[in-house]
C-alpha cells in the first residue's frame, strides 16, 4: 500500500481530531438519555395524590417520553458539519442541540434549525457571511469516515465548484448512493433555495412548485421539523398533518421526521382522514372525478334534505297509540320541518326540534279526545312522555326525519338511482349511472371527502351521546362500589378500624381510576374527525380533488399550510392544473409561491428525454436543471406483443443485476400489473408486486405510475408506454412522472413503434455495446 500524501496525512489527522469531538458529543447524548430515562422511571413510580398532582405527573410522563424519543432518534448522523469563522469562532452543526452544563451551557452542537446554523446552508464564496471554512463530516454510526472542506474565498470558487451548490462533494455522494427503499433526510445537504423555503414563516399558505427531483418532499418534511422547532409551543398542542398520495408513499417517507427528532406528526392519505375507516375500495377514474367536484357538496346537502320527509296531502301518517289512531298531516309536518331547518343546526341535532313539534301535535290530538279541559299540565307532560316512549310513534317520526350516519346516508344515496336523481339533478344520466353501486360496496378514497361533508352536515345526536356517557359513568361507579363492598366484607374487622368507604366513596374511586390519555397530539387527532391542526403539509397536492381540498381546509381553519406539487405531473382526472383554482375559494389571492428549479435526482441524460414529454404537456413549462450526469444513456427495446410475457422477465433480471444493491422499479400499465407482474415475479427473486407494505425494501418492485408518484429508484424500467399514454386523458403527464423516477438508469420496453415523444432514447443494443 502506498503511503499517504501530505494532504492525505492532514486529512487523516483531521479525521482523528473530529472523531475525538464526535465521540464527546455522543457521550453527552448518552448522559442525557440516561438522565431522561431515570427521570421518567421516577415519575412512573409515583402514584396517588391530588387531581392536580396526577395532572402534573401525566404532563411530566409525556414530556420525558417525548425527550427520550427525540434523543434516540438523532443517533445516526448526530453531527454532520462545522463552521469556522473569520474571527476564529467555531460551531458544530447537527441534528440536535447539545450544551456544556459545566460551562454555563455553552453550545457543543448547534441544532441545524437554529438561526446561528443558517450560514452552513447559505454561505458562499461571494457571500461568506463571516465563514472562512465549511466542513462536512460524514459518519457511519459513531465513526467519522470522511471530511469535505470548502474554503469560502473567490479563488477556491473559481477552481471548479459548481455555482449555487453547497457541500458539492457530500451532496453528490448522497445523490449517487444506492437507494434503500426509504427516503433519507437531506439535513446535511440542504441547498440555499431549499433552505429559504424550509425557514419561511408559519402563517398563510405557501405553495412550493417544483419539477421532478427538486426535493419538494424533502423540503416539506424538513419544513415540518423546522416549524416544530421554532413554534413548538403553538404546534405541539394542535399537531402537524402531512398528507401524501398513497400508503406506499407514506411508508417511503415515514422515517424522515423521526430521524430529525420529530415523532408527533400525523402522516395520512386523504382516504385515511375519516376516523375508523380506511378507504381501500376501487372505482373508475371517471366516477372518482365526479365525486371530487365541488358540486358534490350540494349533492350531499340535497341528499340530507331528501331524507327530511313530509306526507302527501292525500296520505297522512297514521300512528296507532293506545287503541287509537293519530294522524300527522302534511301541513303539520311541513311546519315542524321548517322550524327545525330554520334552527341552522345539523340534521341530527335539528331533529330534536322536529320531534318536539311532532310530539306536541300528537299530544294535542290525544288531549282533545280525552277532553283538554279535564287535563292539567302534569297530565299533558305524561302524555308527551308516553308518546316519546311509544315504539310505533318513534318509528313513524323516524320515517319522516331519521337519525343518520354519514355511512348510511351515502350508502343509501349511491345504491338508489331514484335518490341520486333527486339529489344530483345537475348531473347527467350517464354521470349518475357511474355513481350507482351496491349498498355494501367498499368505501373508496373519493368517498372520504363526501363522508366528511356528510358528517359536518349531519352532526351527532347529542341526546344519544349524553345518554351513552351517563350509562358508562353509572357502570364505572357501580363497579367501584363493588370493589369497595369487597374490601369492607370482613364482618370480624375491628369496629374502630377505618373502612374503605370511610376513605373514599364509589364516585371518587371511579374518578381515580379514570382512563387518562397519554396519546400524542397526532394520535388523538387521528381518532377525532373534528380535530384542527396547527399546520398542514400537502404533498403531490396537484392530485387532490376540489372536495378533498374542502376537507383539508376544514382541518386547518388557520389556513397555515405548505402545499407541495408540480402542475405538470397532474395525472388524476380530479386533480388541478392551477393553484389559484384550488386555493382562491378559501384564501383568495393571499397565498405565496416559491419555485424549486434544480433537479438533484434525475441525471441530465434522462431529463433530456423527459423534457420532450414535458413540452408536449405544455410548451411553456420549463424542466428543472439537473446537477449531474451519470454517463449512462437511457435506452429502449422493442419486443413483439406475443413475446412480451416471456421476454420481459429476462430484461428485468438483467437490469436488476446492473443496479447491484440498488432498487429497480418496473412501471406497468394498470391493466397489465397482474398478468405481466405474475410472469416477472415467477422468474425474478427478491421482488414485490404492487403496494405491499415492505415492497419498497425489495430490490425490485412492480408498480403502476400512480403508485410510483413521489418515489425514486436507482433504475426504472417502463413497460408499454403506448398503453400508459392511452390509459388516461392525462397520459402524457403520467409518462413524464414515470421517466423522472430514476436516479441512475432508465429503460423503456415497447411493443409497437417507439412513441415520437421518446425519440431521445437510444437503442438498447447500442447502449450495451458502449
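Numbering (the numbering used here), first residue to last: 598 to 1367. Every residue, glycine too, gets a C-beta built ideally from N, C-alpha and C.
Alpha-carbon spacing of residue i relative to residue j, whole angstroms
i, j, result
"residue 708", "residue 1280", "48 Å"
"residue 1273", "residue 642", "59 Å"
"residue 800", "residue 1158", "8 Å"
"residue 911", "residue 1025", "32 Å"
"residue 1372", "residue 859", "Summary: the structure shown does not reach residue 1372, with the chain confined to residues 598 through 1367, and so no result is reported for it."
"residue 921", "residue 947", "29 Å"
"residue 1225", "residue 719", "21 Å"
"residue 1365", "residue 1292", "29 Å"
"residue 630", "residue 669", "8 Å"
"residue 1006", "residue 901", "7 Å"
"residue 757", "residue 765", "With a pLDDT of 48 at residue 757, under the threshold of 50, the modelled position of this residue cannot be trusted, and the question is left open."
"residue 849", "residue 1276", "26 Å"
"residue 791", "residue 798", "14 Å"
"residue 729", "residue 1206", "41 Å"
"residue 1033", "residue 1043", "14 Å"
"residue 1039", "residue 1051", "17 Å"
"residue 1160", "residue 914", "53 Å"
"residue 638", "residue 654", "12 Å"
"residue 990", "residue 1149", "41 Å"
"residue 771", "residue 1268", "36 Å"
Limits of the unbroken beta strand (DSSP E) element including residue i
i, result
"residue 1046", "Careful: residue 1046 lies outside any beta strand (DSSP E), inside the alpha helix (DSSP H) at 1044-1055."
"residue 749", "Where residue 749 is concerned, there is no enclosing beta strand (DSSP E), given that its DSSP letter is neither H nor E."
"residue 807", "802-807"
"residue 925", "921-925"
"residue 841", "837-841"
"residue 733", "728-737"
"residue 1169", "Residue 1169 -> no beta strand (DSSP E), and no H or E assigned at all."
"residue 1325", "Per DSSP, residue 1325 belongs to no beta strand (DSSP E) and is neither H nor E."
"residue 1013", "Segment: none, residue 1013 is in no beta strand (DSSP E) and carries neither H nor E."
"residue 763", "Looking at the DSSP string, residue 763 is not in any beta strand (DSSP E), and its letter there is neither H nor E."
"residue 1297", "1297-1300"
"residue 1033", "Element bounds for residue 1033: n/a, residue is neither H nor E."
Where residue i falls, given that 16 or more other Cβ within 10 Å makes a residue buried
i, result
"residue 698", "exposed"
"residue 644", "exposed"
"residue 1076", "exposed"
"residue 1127", "exposed"
"residue 975", "exposed"
"residue 635", "exposed"
"residue 755", "In this predicted model, residue 755 has a pLDDT of only 47, less than 50, meaning its place in the structure is not dependable; the value taken from the coordinates is given anyway. That one is exposed."
"residue 1182", "exposed"
"residue 652", "exposed"
"residue 1300", "buried"
"residue 712", "exposed"
"residue 888", "buried"
"residue 795", "buried"
"residue 1305", "buried"
"residue 1046", "buried"
"residue 647", "exposed"
"residue 891", "exposed"
"residue 856", "buried"
"residue 702", "exposed"
"residue 818", "buried"
"residue 742", "exposed"
Sheet register partners of residue i (DSSP bridge)
i, result
"residue 1360", "1233"
"residue 773", "The partner list for residue 773 (beta bridge, DSSP) is empty, contrary to what the question assumes."
"residue 1160", "804, 1135"
"residue 689", "679"
"residue 1315", "1264, 1345"
"residue 914", "925"
Run of the alpha helix (DSSP H) containing residue i, from where it starts to where it stops
i, result
"residue 702", "Neither: residue 702 is in no alpha helix (DSSP H) and is coded neither H nor E."
"residue 957", "944-967"
"residue 1284", "Note, residue 1284: premise wrong, no alpha helix (DSSP H); beta strand (DSSP E) at 1284-1286."
"residue 1209", "1201-1214"
"residue 1189", "It is not in any alpha helix (DSSP H) - residue 1189 instead sits in the beta strand (DSSP E) that spans 1188-1193."
"residue 1179", "1176-1184"
heavy atom of the ligand FMN below 8 Å from residue i C-beta
i, result
"residue 1258", "Here there are no bound small molecules, and the ligand FMN is not part of this structure."
> So does the stretch 821-831 actually touch the stretch 1201-1215, counting three or more Cβ pairs closer than 8 Å?
Replying inline: Result no; under three Cβ-Cβ pairs closer than 8 Å.
> Is the stretch 926-943 touching the stretch 890-909 in the sense that three or more CB pairs, one from each, lie closer than 8 Å?
Replying inline: Short answer: they touch.
> If you pair each beta-carbon of the stretch 988-1007 with each one of the stretch 962-980, do three or more pairs fall below 8 Å?
Replying inline: Taking a cut-off of 8 Å for Cβ pairs, the stretch 988-1007 and the stretch 962-980 do not touch, as fewer than three such pairs fall below it.
> How do the stretch 1161-1171 and the stretch 876-895 stand: do at least 3 beta-carbon pairs fall below 8 Å, yes or no?
Replying inline: The stretch 1161-1171 is in contact with the stretch 876-895.
> Per the contact definition of three or more C-beta pairs closer than 8 Å, is the stretch 1258-1273 in contact with the stretch 799-815?
Replying inline: No: the two stretches stay apart, fewer than three of their Cβ pairs being nearer than 8 Å.
>> Is it the case that the stretch 865-873 contacts the stretch 1013-1025, given that we only count it when at least three CB pairs across the two stretches are under 8 Å?
In response: By the Cβ rule, the stretch 1013-1025 does not count as touching the stretch 865-873, because fewer than three pairs are nearer than 8 Å.
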